Each structure stands twice: as C-alpha cells, then as structure tokens.
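Colleague:
Protein chains: 2
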Amino acid sequence: MTNKLNLNNLTKSEEDYLKALFQLLIEDSSVKVGNNQLADYLKVSPASTNNMIKKLKAKNYVVSEKYGKLDLTEEGKSIAVRLIRKHRLWETFLCNYLNFTWDEVHEVAEQLEHIKSKKLINELDRFMDFPEKDPHGEMIPNADGEYSILPKITLSSLSDGDVCQLVAVDDGSVNFLKYVSEIGLALSSEIKVLEVREFDKSIRIQFDNTIETVTRKFADNVFVKKVV
Amino acid sequence: MTNKLNLNNLTKSEEDYLKALFQLLIEDSSVKVGNNQLADYLKVSPASTNNMIKKLKAKNYVVSEKYGKLDLTEEGKSIAVRLIRKHRLWETFLCNYLNFTWDEVHEVAEQLEHIKSKKLINELDRFMDFPEKDPHGEMIPNADGEYSILPKITLSSLSDGDVCQLVAVDDGSVNFLKYVSEIGLALSSEIKVLEVREFDKSIRIQFDNTIETVTRKFADNVFVKKVV
DNA sequence: TAAAAAAGTTAGTTATGACTAACAAATTAA
DNA sequence: TTAATTTGTTAGTCATAACTAACTTTTTTA
Chain A
1 MTNKLNLNNL TKSEEDYLKA LFQLLIEDSS VKVGNNQLAD YLKVSPASTN NMIKKLKAKN
61 YVVSEKYGKL DLTEEGKSIA VRLIRKHRLW ETFLCNYLNF TWDEVHEVAE QLEHIKSKKL
121 INELDRFMDF PEKDPHGEMI PNADGEYSIL PKITLSSLSD GDVCQLVAVD DGSVNFLKYV
181 SEIGLALSSE IKVLEVREFD KSIRIQFDNT IETVTRKFAD NVFVKKVV
Chain B
1 MTNKLNLNNL TKSEEDYLKA LFQLLIEDSS VKVGNNQLAD YLKVSPASTN NMIKKLKAKN
61 YVVSEKYGKL DLTEEGKSIA VRLIRKHRLW ETFLCNYLNF TWDEVHEVAE QLEHIKSKKL
121 INELDRFMDF PEKDPHGEMI PNADGEYSIL PKITLSSLSD GDVCQLVAVD DGSVNFLKYV
181 SEIGLALSSE IKVLEVREFD KSIRIQFDNT IETVTRKFAD NVFVKKVV
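Line order of the protein sequences matches chains A and B. With UniProt numbering, letter number 165 in the first sequence gets 165, and the count goes up by one each step, no holes. With UniProt numbering, letter number 58 in the second sequence gets 58, and the count goes up by one each step, no holes.
See the structure below:
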C-alpha cells in the first residue's frame, strides 16, 4: 500500500495539468478532451502538454492511447479534487476574512492551492466552519474529496419569462467577474428573463429593479437555478 | 524609476538565497559571511551557491568581490525583510488561528512566504490586528519593512543566579522546538539559572517549579531578557 | 614561510518544463 | 475518396537550479 506516500510528490506543473484536465472533463462531461485542447486551456504549447501527459501516464494519473483522447485515473481525479478543495477554501478565506473581491481571489488562490500541508487546509476549513460553497457559488469538496456537483444551468439556456436565482459564476476571467459585480449581480440575485433577442442572442434581464442587456457570451458564464 | 516592477520577479530559489544571506548577516553581525557558509545553511553545494550569487550580483541584490565575503545591497535587504515579514505573519496565523504548534509552523510558513500578493499579506496583518511578534517571539516587520531587532541574549551567556525571561527561540529546528515545549518552557517563562557546570557547560535551570538541566547547545537557541 | 587545510570557483552533467519546427495520424470537407 | 485541415507526436533547444569533480586562491598551522 504505497497509497499516501506518492500523493505529495507532485510538482506544481503536474498539479496544474491534472486540475486542468479534470475541469475540462467535467465541464463538458460528454465530450472527450484532447491534447491540444488541454494545451489551449493551460496556455502552453501542444508539445509541452504531450510531454507532461507522458509523465502523468507513467505515474498512473492519466490514461490515453496514442492519438486518443485523455482521461484521468481514480488517483488522478482524487488529486484534482483535492486541488479544487484547496482552491475554493482559499478563495472563501480571501473573500470572507481578507476583504478580497470576487475578481481578485482567483490569481492568489492559484498560488495557495499548491501549498502542501494537510493540516493547513483542514484547519482552515474548520476555522471557517466548513463552508459549503466558495464565493463564486461553487461547491467545496470535503476532506474526503466528496462534493455534490451543482446542476449547471446557464442563464443563456433560459427563455422569455423565466425567473431564476444566480447560483454560481465561472471564475475563469477577471474581466467577466468585474463586469458581474459592476452591474450589481451577486450570488442569490433573483433574475427575470425579459426577452431573448433572436438577432444576436442577447438577453434582457431584470434584477433588483435594474434592467440590463447582456450578451450570449456573458450569459454562458452565469449559472442559475430556475425558480419559475 | 523601475523600483516596484522587478520586486516580484524573483524565483523561489532567489528568494531563499536572499533570505538566508540576510539571516546569516544579522545573526552574527560582526562576522562576514562566505560562500560555503551560505551553502551549508541552505543545504546545497558550494557550486550551487556560487552560481546563484553570480545571478544575484547581476541583479544588484548582492555585492562581493572574487574570493571575498558576501553582502546584501539595500534592495537585497528589503526583499529579505519582506520575506521575513511574510514568514512571521503566516507563522502567527497558523499558531493563533489554525491550531498549529510551535514546531509545526516553520515548514508550512516556508512555503507560504513565497506567495506573491501584497494585498494578501497586508490584509492578513490587518486581520490579526497587526501583531508585533511571531509565535517564537521574533519581531514582525511592518508593511514598510521597519522592525526593531530584539537584543539577542542567549540563555547560555548567563551566569549562576541570573534570572531572565524567555523572549524568543530559534525556529530553525523542529526537534529543538518540540523539546522546548516538552519540558514546559514557553514565551515569557521566567527562568532562574541555578548553576552553569564547568565540565560540559550544561546549565541547571528552574522555571515554574520545574528544575531541568539543559545542554549548552540547547541554551544557545534560547533567547532571553535579563530580569535580575 | 612552506605545506596543509579550508574556502571559493569553474566546467560539465542532470532533471524539469517550457519552447519551435518538422512530421504523422485522424478527421472533415470538397 | 482524395485533399485539406486539424490534431497529435517527435526531435532538438533553452533556462533554471541542482549536482560532482577538478582546480585555484586564501587562510591556517606546523
């Protein structure tokens, strides 16, 4: 049972790749993930990705056949989930205790998630009284790596007259996050879809006595729960 | 004025070397620091140190002549102090909020001190209400890098009958720190020197109704303030 | 002060993880 | 179904930062 021993021996890069692959795999759970797609996501060259995938295959975190699509082993997934747990707990800490705003947390959490100390992250979790969601509304895995995935309905998938509640936002882009706060949207905001315009798929929405028109691209990054 | 720009462009290694050199320079402020000494301290080969010193000289953080002793420039010192500030603030956070013990904090703080975010560390400082000292009793530099150095009198420098108060301990060795807690010593403990034994320089001390004999090596790592 | 020891330097090697350029396989489109 | 495009792979290079081995300078001490 050399189970726990090799878990902490990963480099920052190896961790980044595993987490990225995990996120690509669940974001579009049906679609397969390829080498170049991963390279794009991580903003490195396909050659770099290919190289790293070889290493991760040798370490039994990734499986794939030559010229085939990529997948994670159970061990690979487990590492990725632990990284996501760390990332989201740190984001929560930064927002709730250190006055960080939505758009500021991601970059710092990207660094903090690589700190290696089980005690650190579990104590941080306890200190914050085991939060369920991070500041963007995403579920935080518990110490055993368990977490429920929230059904990701995008605002863009709704129709005229639908009423929904904002449950999460994609945390990938600083500019998007700034934009969300600027127009006054926040977690739990109740949003009414006034009109989906056929021409450019832009959406007219109402929330808190505000009426705004948002683009399709914007609405793709806003996750909601249907109310009506 | 390319002042603030290059400050964040240092690698983890470069930071480690600057901090190590700074600590060697103030620990024995009279004695000069050489290449091999720095290598010893960092547990790397003299060749590695030599190499890195070259790079740090090129970047104007270190000064030295060939075959001569090492010194830091003002900029080098400033970086080192900021690392020490981060290290000590994290140690304080870990001990005071996350249930870490004296001997557990150092290793994790060594990782955390390399996180690059001014806001993070300044907000952490504010969150803890600007602590003056870290858990080992060392002064924490403020956001401007200012801090008073506590006069470091070692327990080993005292004589029979002297009474002192423990103000700090060296945080370099986990085993030493465990030992200190185990025998019951803590910051502010009042210690009376009962006898310094000529034979092996071991010291018989009394504190809190406990009498213990400690070695010279142990006493070298305990910093005190004389009371009587 | 000359030999020995210690301290510092240089050259050459290794591993990690990026990169480009060239090429091969698979998929899509004409 | 062949040609074009996309995707994946390989080979070779570069930077960082460690290493050993060999060598030079400085310091110590006999």
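Even glycine gets a Cβ: it sits at the ideal position worked out from N, Cα and C. Owing to the predicted nature of the structure, the values given are computational and were not obtained by experimental measurement.
1. What residue ranges within the stretch 110-179 of chain B form continuous alpha helix (DSSP H) runs of no fewer than 4 residues, ordered along the chain?
2. Look up D71(A) in the DSSP assignment and give the residues it is bridged to.
3. Starting from the Cα of Q85(A), find the closest Cα among L177(A), D144(A) and V108(A) and give me that residue.
4. Listed in chain order, which residues of the stretch 78-109 of chain B have Cβ atoms closer than 9 Å to some Cβ of chain A?
5. If you drop the 5 nearest sequence neighbours on each side, which residues of the same chain put their C-beta closer than 6 Å to that of G184(B)?
6. Using the Cα positions of V132(B) and S78(A), report the straight-line distance between them to the nearest angstrom.
7. When DSSP labels each residue in this structure, what does F207(B) get in the three-state scheme?
8. Mapping the DSSP letters down to three states, classify F223(A) as helix, strand or coil.
9. Could you give the residue range of the beta strand (DSSP E) that holds K192(B)?
10. Judging by CA-CA distance, which residue of T215(B), K19(B) and T213(B) is the nearest neighbour of E113(B)?
11. Are there 16 or more other CB atoms within 10 angstroms of the CB of A109(A), so buried, or fewer, so exposed?
12. Going by Cα to Cα distance, which pick from W102(A), C164(A) and D129(A) is closest to V174(A)?
13. Within the same chain, show all residues whose beta-carbon is closer than 6 Å to that of K55(A), passing over the 5 residues directly before and after it, in chain order.
14. List, in chain order, every chain B residue whose beta-carbon is nearer than 9 Å to that of S13(A).
15. Sorry if obvious, but does the Cβ on E195(A) come closer than 6 Å to a heavy atom of the ligand MG?
16. Does F127(A) have its Cβ less than 7 Å from a Cβ in chain B?
17. Under the assumption that D160(B) contacts E195(B) (Cβ atoms under 8 Å), give the Cβ distance between them as a whole number of angstroms.
18. Going by beta carbon distance, what residues of the same chain come within less than 8 Å of V163(A), once the five residues before and after it are set aside?
19. Given a limit of 9 Å on CB to CB distance, which residues of the stretch 110-121 of chain A reach chain B?
20. Taking Cβ positions only, does E123(B) come closer than 7 Å to chain A?
Modeller: The answer reads as follows:
1. Annotation note: the stretch 110-179 of chain B contains the following uninterrupted alpha helix (DSSP H) runs of length 4 or greater, listed N- to C-terminal: 118-127.
2. Residue pairing from DSSP places D71(A) in a beta bridge opposite V63(A).
3. Note that residue 85(A) corresponds to Arg in the displayed sequence, not to Gln. Ranking L177(A), D144(A) and V108(A) by CA distance to the CA of R85(A) puts D144(A) first.
4. The stretch 78-109 of chain B vs chain A, Cβ under 9 Å: L94, Y97, L98, N99, F100, E104, E107 and V108.
5. Once the five neighbours on either side are set aside, the close Cβ partners of G184(B) are T210.
6. One point to set straight first is that residue 132(B) is Glu, not Val, in the sequence displayed. Roughly 40 Å separates the two Cα atoms.
7. If DSSP states are grouped into helix, strand and coil, F207(B) belongs with the strands.
8. When secondary structure is reduced to three states using DSSP, F223(A) falls in the strand class.
9. Boundaries of the beta strand (DSSP E) around K192(B): E190 to V196.
10. E113(B) has its Cα closest to that of K19(B), out of T215(B), K19(B) and T213(B).
11. Buried, since its Cβ has 16 or more Cβ neighbours within 10 Å.
12. Among W102(A), C164(A) and D129(A), the Cα nearest to that of V174(A) belongs to W102(A).
13. For K55(A), same chain residues with a beta-carbon under 6 Å away, outside a window of 5 residues either side, do not exist.
14. Identification of chain B residues near S13(A) by a Cβ-Cβ cut-off of 9 Å yields none; the smallest Cβ-Cβ distance measures about 14 Å.
15. The ligand content of the structure shown is nil, which means the ligand MG is not present either.
16. For F127(A), the answer is yes, since a Cβ of chain B falls inside 7 Å of its Cβ.
17. Under the criterion of beta carbons closer than 8 Å, D160(B) and E195(B) qualify as touching, at roughly 6 Å.
18. Closer than 8 Å at the Cβ level, and outside the excluded window around V163(A), lie E190, I191, K192, V193, K226, V227 and V228.
19. Answer set for the stretch 110-121 of chain A: Q111, L112, H114, I115, K116, S117, K119 and L120.
20. For E123(B), the answer is yes, since a Cβ of chain A falls inside 7 Å of its Cβ.
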